[in-house]
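Quick note: this note's numbering has the sequence shown finishing at residue 229, numbered continuously throughout.
Cβ coordinates follow ideal geometry from the N, Cα and C atoms, glycine included.
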Amino acid sequence: MSEKLRKRVEKLQATLASRDADLLKLNLLSRILSLPELRSCSDCGHWLEKIDTRLEAVDSDPNRRTRRQYKQALTATMAHLRDSHRLYPQGEPQSNWVGIGILLGTIVGLLFLHDFVPGFFTGLAMGVIIGALREKTLERQNRLY
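This is the structure:
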C-alpha cells in the first residue's frame, strides 16, 4: 500500500462528508491501511489500488457509471476483508448463528419431548440462547476496532 493511496483516502474523507455510507467505508479503509498484517496481502493492495483508480474517475467524471464502479470496488474490497481476513465492519451481520441455533434447538426439542408445541418452544428458546452466545463470541473474536 502506497503513501499516495493513504493520502488519497484521507483527502476523500473530507470531500465525501455528505455521503454517510461512503464516508463510513472510507474510514474503515483508512484504518485498514494502518494494519501492518494486511500490508503484505497482495489482494488487499489490488483492491485498494482499484478503489483509488475508481475514486479518481469519480473525481474527474462523476456520472452514474463511474459511481457504480466505485461502489462495486468498495463492495468487493469489503467482501475480501470479510472472507480472507475475517474482518467485519461494525453493524454488518457476521453469521446466522441465531437461525442455526433455532433450527437445531427445535429439532432437538421435538425429538426429546415428542410433542410439537412444547418441543417447538423449548427448542426455540434453546436456539436463541445458543445462537446469541455464539454470535457474541464471534463478535469478540473478529472485532476490528
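Quick one: measure Cβ to Cβ for residue i and residue j, integer angstroms, because I've assumed they're closer than 8 Å.
{"i": "G189", "j": "I214", "result": "7 Å"}
{"i": "A216", "j": "V182", "result": "6 Å"}
Label residue i either buried or exposed according to how many other C-beta atoms from any shown protein chain fall within 10 Å of its C-beta, with 16 as the threshold for buried.
{"i": "E176", "result": "For E176, the predicted structure reports a pLDDT of 47, less than 50, and the residue's modelled location is therefore unreliable. A value from the coordinates is still provided. Answer is exposed; the Cβ neighbour count stays below 16."}
{"i": "L195", "result": "exposed"}
{"i": "R138", "result": "buried"}
{"i": "A157", "result": "buried"}
{"i": "T161", "result": "buried"}
{"i": "Q178", "result": "Only weak support is given to the placement of Q178: the predicted model assigns it a pLDDT of 49, under 50, and the question is left unresolved by the model."}
I'd like the list of long-range same chain contacts for residue i, defined as Cβ closer than 8 Å, with 5 residues on each side in sequence excluded.
{"i": "I186", "result": "G207, L208, G211, V212 and G215"}
{"i": "F204", "result": "T190, G193 and L194"}
{"i": "P202", "result": "G193"}
{"i": "T221", "result": "none"}
Between residue i and the rest of its own chain, which residues show a CB-CB distance below 6 Å, the 5 nearest in sequence each way excluded?
{"i": "A141", "result": "T150"}
{"i": "Q231", "result": "Because the chain here runs from 85 to 229, residue 231 falls outside it and cannot be looked at."}
CB-CB under 7 Å to residue i, same chain, minus the five flanking residues each way: which ones, in chain order?
{"i": "I184", "result": "G215"}
{"i": "K134", "result": "A157"}
{"i": "F199", "result": "This sequence places Asp at residue 199; Phe is not what is there. So no residue of the chain qualifies."}
Is residue i near the ligand GTP, in the sense that its beta carbon is under 6 Å from a heavy atom of that ligand?
{"i": "G183", "result": "What this structure holds is no ligand at all, so the ligand GTP is not there to describe."}
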